[in-house]
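Scroll down for the structure; my scribbles are underneath it.
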Amino acid sequence: MEVAGTGIIDLLLGMLMVLLAGASLLLSQLFISVMAFIGLGLVVAVVWARLGAVDIALAEAMIGSGITGALFLAALGRMAQEEDKAGRDPAARAETYASDRPEVAGRAHLKAIRWRSVIALAMIASAAAFVFLSVFPLPAPDGSIPALVVENLPDSGVANPVTAVLLNFRAYDTLLEIGVVLLALLGMRAVGVLRQTGRQSQPESVLSGFYRLILPVLIVFAAYMVWVGKDEPGGAFQAAALLAAGGIIGCIAGAKPLSHALPATGRRIMVSAGFAVFLSLGVLSWIQSGEFLAFAPAAAGGLILLIEVMATVSIALSLIILFTGNSGALPFSRANGSVPADRTGG
Amino acid sequence: MIDWISTVLLLFAVFFFVGGTVGLLRFPDVYCRLHALTKADNIGLGFVVLALLIQATSWVWALKLLIVWVFVMAAGATNAYLIARAAIRKDIAPWKSPEQA
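Same order as they appear, the protein sequences are chains A and B. Per our numbering, the first sequence runs over residues 1 to 346. Per our numbering, the second sequence runs over residues 1001 to 1101.
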């Protein structure tokens, strides 16, 4: 049923999107920027839903708005903590900003940063040029692709066209997407952002009550998301976001850190399992049929489910570790004004 | 007939959402704003759910709507508590009316 007002709603949503995007980029107060960004994610999710792309709407709301928002807030909390520390003690301030490279200070330091910016800019520019040169010669889509997907749907092993594209027809893209999550984790470890804090949050009565209420629901719902992904909107990323949300709430509520629940090797295996299984299956199909990531129609359904389950576990754990840091302990102190024991001595 | 009842319920919802928004913008401190927001959201969403509930074509649909409402209320209450506690830990004193102060 077409109502006269829907055009106005879409117009308002579009304007709100631009407004929130501008606010998240241009405002000087980081906290408000983060709030605008979270709001932007929700509005974008609504827009996707109105465009009929429910899969993307779910992913945007859960990962783009929810998990990314939580990551931003965790980073803000950490920054506030560092500033707090620096404010209390000038020596700590010096330590905060120079501890990584004590040999460079002042002008030399600035010069190094400038050089690095130049190199980074050059790399970004060449990457952009590469993308532009590869995309530009591509023929414009002639509208035949949706029909092609529907035509080949029986061979994909799933009934949801989006899942068929993501995990069969264009599985290469999704493999790389899962790789990106893994790469983000490795990158953060490599630059040492995820240093172990060794601190835990205090147990929270109200929040742990909510955690106990919500965790089983999230687990069941995540399992449903993976399972339903083959027929209807859903899939690994959405399910992983639900699990990660549970893990993040648990960390804030003072639940046992991941490092206590899982040995480091177990964590590493679980974090890389999704990408590893996906890649191995791709290579296997290459050996069998001579084509990378070309699943035989008979086996495709099972393989896709296997990949989705492994990817869910890996992405969920990656997102939780990105939020909490190495150890699964909380990256910032919750108790106001309490100086952690290891810092009071200095 | 059912459409009319839904419309009336949605108008009630709009009333509460507008009230909550006005409270968010106009109330003097974080605790009052939280009160306005959470209360109005819970009841406003409740009326939206009621309006959609009587339009539901199957009981699964209706159940899903109710579950959405319950979880939003639980999450909203928890968030309100966390924000209020963070404010207290930051020593933000609750607003008092001029006569009290």
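Positions of the beta carbon are idealized from the N, C-alpha and C atoms, including for glycine.
- Here the region 171 to 181 of chain A makes contact with the region 270 to 282 of chain A; the two share three or more CB pairs at distances below 8 Å.
- The DSSP-derived three-state label of residue 1057(B) is coil.
- Taking the C-beta atoms as reference points, residue 286(A) is found no nearer than 7 Å to residue 295(A).
- Taking all protein chains in view, the Cβ of residue 48(A) is crowded by 16 or more other Cβ atoms within 10 Å, so the residue is classified as buried.
- Residue 191(A) carries a coil assignment under DSSP once its states are collapsed to helix, strand and coil.
- By the CB criterion at 7 Å, residue 1087(B) and residue 1048(B) fall outside the cutoff.
- Apart from the 5 residues on each side of it in sequence, residue 1053(B) sits with its Cβ closer than 7 Å to the Cβ of 1062, 1065 in its chain, given in chain order.
- Pairing residue 30(A) with residue 76(A), the inter-Cα distance amounts to about 8 Å.
- Distances from the alpha-carbon of residue 236(A) to those of 250(A), 219(A), 248(A), 252(A) put 219(A) closest.
- DSSP, reduced to helix, strand and coil, places residue 293(A) outside both helices and strands of the structure shown, so it counts as coil.
- Interface with chain A (7 Å Cβ-Cβ cutoff): residue 1031(B) is excluded.
- Interface with chain B (7 Å Cβ-Cβ cutoff): residue 206(A) is included.
- Taking 7 Å as the CB threshold, residue 210(A) lines the interface with chain B.
- Excluding residues up to 5 positions away in sequence, 33 lie with their Cβ nearer than 6 Å to the Cβ of residue 27(A) in the same chain.
- Contacts between residue 1082(B) and chain A, judged by CB atoms closer than 7 Å, involve 207 in chain order.
- By the Cβ neighbour-count rule, residue 55(A) is buried, with 16 or more other Cβ atoms within 10 Å of its own.
- Residue contact with chain A for residue 1078(B): present (Cβ-Cβ distance below 7 Å to some residue of chain A).
- Going by DSSP, residue 233(A) is part of no alpha helix (DSSP H) at all; its letter is neither H nor E.
- When 9 Å is used as the limit between beta carbons, residue 1036(B) is near no residue of chain A, the shortest such separation being about 18 Å.
- Of 43(A), 158(A), 42(A), 24(A), the smallest CA-CA separation from residue 36(A) is found for 24(A).
- 7 Å or more divides the Cβ of residue 149(A) from the Cβ of residue 141(A).
- CA-to-CA, the gap between residue 208(A) and residue 1076(B) works out to about 15 Å.
- In the three-state DSSP reduction, residue 256(A) falls in the coil class, being neither helix nor strand.
- In the DSSP assignment, residue 66(A) falls outside any alpha helix (DSSP H), carrying neither H nor E.
- Here DSSP, grouped into helix, strand and coil, assigns residue 134(A) to helix.
- Assignment of residue 1092(B) by DSSP, reduced to helix, strand and coil, places it in the coil class.
- Comparing C-alpha distances from residue 246(A) to each of 147(A), 152(A), 133(A), 215(A) shows the shortest one belongs to 215(A).
- For residue 35(A), the uninterrupted alpha helix (DSSP H) run begins and ends at 30 to 50, by DSSP.
- Under the 10 Å beta carbon count, residue 57(A) is surrounded by 16 or more other beta carbons and is classified as buried.
- For residue 1018(B), the enclosing alpha helix (DSSP H) has its first and last residue at 1002 to 1026.
- For residue 317(A), the closest of 67(A), 38(A), 224(A) by C-alpha to C-alpha distance is 67(A).
- For the pair residue 1034(B) and residue 1080(B), the Cα-to-Cα distance works out to about 6 Å.
- Taking 4 residues as the minimum length, the alpha helix (DSSP H) runs contained wholly in the region 145 to 187 of chain A are 145 to 156, 161 to 164, in order along the chain.
- Residue burial annotation: residue 50(A) is exposed, with fewer than 16 other C-beta atoms found within 10 angstroms of its C-beta.
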